[in-house]
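Peer 1: Residue numbers (this note's numbering), protein chains in the order written: chain R, 4 to 174; chain L, 60 to 121.
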Amino acid sequence: MGTETKDLGNIYPIEERFSNLLEQIQEVLVKMGIIDQVLIDTDLLGRAVVDYFEDIDRLKDFENIPRVNVDKIYSYGAFWFLRRHPIQIIDKTIDDRFWYINEKVCIAIMIPKMFAEMGIDLKAENQRFKDFLELMYYNFKYRLYTQQSLELMIESFFCGYSVKVGEEADE
Amino acid sequence: MPRVNVQEETKIFGEKLRSGYFAQERSKNTEVNYAQEKELRDTEAVKAYTQTELFEYIKEMR
Numbered sequence: 004m005g006t007e008t009k010d011l012g013n014i015y016p017i018e019e020r021f022s023n024l025l026e027q028i029q030e031v032l033v034k035m036g037i038i039d040q041v042l043i044d045t046d047l048l049g050r051a052v053v054d055y056f057e058d059i060d061r062l063k064d065f066e067n068i069p070r071v072n073v074d075k076i077y078s079y080g081a082f083w084f085l086r087r088h089p090i091q092i093i094d095k096t097i098d099d100r101f102w103y104i105n106e107k108v109c110i111a112i113m114i115p116k117m118f119a120e121m122g123i124d125l126k127a128e129n130q131r132f133k134d135f136l137e138l139m140y141y142n143f144k145y146r147l148y149t150q151q152s153l154e155l156m157i158e159s160f161f162c163g164y165s166v167k168v169g170e171e172a173d174e
Numbered sequence: 060m061p062r063v064n065v066q067e068e069t070k071i072f073g074e075k076l077r078s079g080y081f082a083q084e085r086s087k088n089t090e091v092n093y094a095q096e097k098e099l100r101d102t103e104a105v106k107a108y109t110q111t112e113l114f115e116y117i118k119e120m121r
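(1) Do Glu98/L and Asn23/R come within 7 Å of each other at the CB atom, strictly closer than that value?
(2) Run down chain L in chain order and give the residues with a C-beta less than 8 Å from the C-beta of Glu19/R.
(3) Can you name, in chain order, every residue of its own chain whose Cβ lies under 6 Å from the Cβ of Tyr103/R, other than the five neighbours on each side?
(4) Go ahead and pull the three-state DSSP assignment for Leu85/R.
(5) Going by the CB atoms, is the gap between Met113/R and Tyr164/R shorter than 7 Å?
(6) Can you tell me the Cβ-Cβ gap for Glu19/R and Ala94/L, rounded? I've got them flagged as a contact below 8 Å.
(7) Tell me Val41/R's beta-bridge partners as DSSP assigns them.
(8) Is it buried or exposed for Val73/R, if we count other Cβ within 10 angstroms and need 16 for buried?
(9) Whose CA, out of Ile38/R, Arg87/R and Leu62/R, lies closest to the CA of Lys75/R?
(10) Determine the closest residue to Tyr55/R out of Pro16/R, Val33/R and Phe132/R, with distance taken between C-alpha atoms.
(11) Kindly list the residues whose CB is nearer than 7 Å to the CB of Gln31/R, restricted to its own chain and excluding five residues on each side of it in sequence; keep chain order.
(12) When you compare each of Phe82/R, Gln151/R and Glu57/R to Asn13/R by their alpha carbons, which one comes out closest?
(13) For Gly80/R, collect the residues of the same chain with a Cβ closer than 7 Å to its Cβ; drop the 5 residues on either side in sequence, then sort them by chain order.
(14) Quick one: grab the DSSP three-state call for Glu104/L.
(15) Taking Arg121/L as the query, report the chain R residues whose CB atoms sit under 8 Å from its CB, ordered along the chain.
(16) Starting from the Cα of Ser159/R, find the closest Cα among Tyr141/R, Gln130/R and Met117/R and give me that residue.
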């Protein structure tokens, strides 16, 4: 770790973020039943977390803001996680459902956070939302995206839900 | 169009710049202390989410 990274460690809760993320990833991998078929490269995960905080730090400096909103936390976090691919497959017999394991885990981690932020029941589901999950997965696997496009996606989700709830409240 | 006077136009530009004529676009941001206010909530949400049917759907996606 260079001097700059050590400085970031004094400013941001980098270790706590790493710890929470590792806990979330492991929980998901255990529940998917594949924890013994993959490896979490903690150096790459650490790199993703540091890259995230470096990116956010630059953004805050440029925008002259003391903190960022959760849209950015989720979108920038997802971007750097997917960029660094910390989960590696070590068992070649793993089912092909899990070939894009980083993309899949990213979704499994991001969705409950978005639900929690909106106060949506975690058990909620409908076909339209399943289609949205499929589209997100496809985008992560095959399409180009940026931190900013992911932020727009997340904010769109928040906005759509808020508008709908607002409509129901007005009725 | 006829050539403009560069020095004059530069002077006009400088005056507009200093007067705030060119508005700076800055991010509209809602502050949050994520680590203190929301991170534990989110970690617990991820764990709870692994018990749902939608998690099973994500697991089966190809």
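The C-beta atom is built at its ideal place from N, Cα and C for all residues, glycine as well. Nothing here was measured: the structure is a model prediction, and the numbers come from that model.
Peer 2: On the basis of the data shown:
(1) Along the first sequence, one-based indexing puts residue 23/R at 20. Along the second sequence, one-based indexing puts residue 98/L at 39. Yes, Cβ-Cβ distance for Asn23/R and Glu98/L is below 7 Å.
(2) For the purposes of this step, residue 19/R is taken as the residue at position 16 of the first sequence. Correct list: Ala94 and Glu98.
(3) For this step, residue 103/R is matched to residue 100 along the first sequence. Taken in chain order, the residues that qualify are Lys144.
(4) Here residue 85/R is taken as the residue at index 82 of the first sequence, counted from 1. Helix.
(5) Numbered from its first residue, the first sequence carries residue 164/R at position 161. Numbered from its first residue, the first sequence carries residue 113/R at position 110. No; because the gap between Cβ atoms is not below 7 Å, this pair is not in contact.
(6) Taking the first residue of the first sequence as position 1, residue 19/R is located at position 16. Taking the first residue of the second sequence as position 1, residue 94/L is located at position 35. At roughly 6 Å, the Cβ-Cβ gap stays under 8 Å, so Glu19/R and Ala94/L are in contact.
(7) The residue labelled residue 41/R in the question sits at position 38 within the first sequence. Ile92/R, per the DSSP bridge assignment.
(8) Taking the first residue of the first sequence as 1, we reach residue 73/R at position 70. Label assigned to Val73/R: buried.
(9) Along the first sequence, read from residue 1 onward, the residue named residue 75/R stands at position 72. The shortest Cα separation from Lys75/R among Ile38/R, Arg87/R and Leu62/R belongs to Leu62/R.
(10) Locating residue 55/R in the first sequence gives position 52, counting from the first residue. With distances taken between Cα atoms, Tyr55/R lies closest to Pro16/R.
(11) In the first sequence, counting from the first residue as 1, residue 31/R sits at position 28. Sequence inspection shows Val at residue 31/R; the Gln mentioned does not correspond to that position. Once the five neighbours on either side are set aside, the close Cβ partners of Val31/R are Val108, Ala111 and Ile112.
(12) Along the first sequence, one-based indexing puts residue 13/R at 10. Considering only alpha carbons, the answer is Glu57/R.
(13) Here the question's residue 80/R lines up with position 77 in the first sequence. Result list for Gly80/R: Tyr55, in chain order.
(14) One-based indexing of the second sequence puts residue 104/L at position 45. Correcting the residue identity first, residue 104/L is Ala in this sequence and not Glu. Reduced to three states, the DSSP call for Ala104/L is helix.
(15) Against the second sequence, residue 121/L aligns to sequence position 62. Ordered by position in chain R, the residues that pass the 8 Å Cβ test against Arg121/L are Asp99 and Arg100.
(16) For the purposes of this step, residue 159/R is identified with residue 156 of the first sequence, where counting begins at 1. Answer by Cα proximity: Met117/R.
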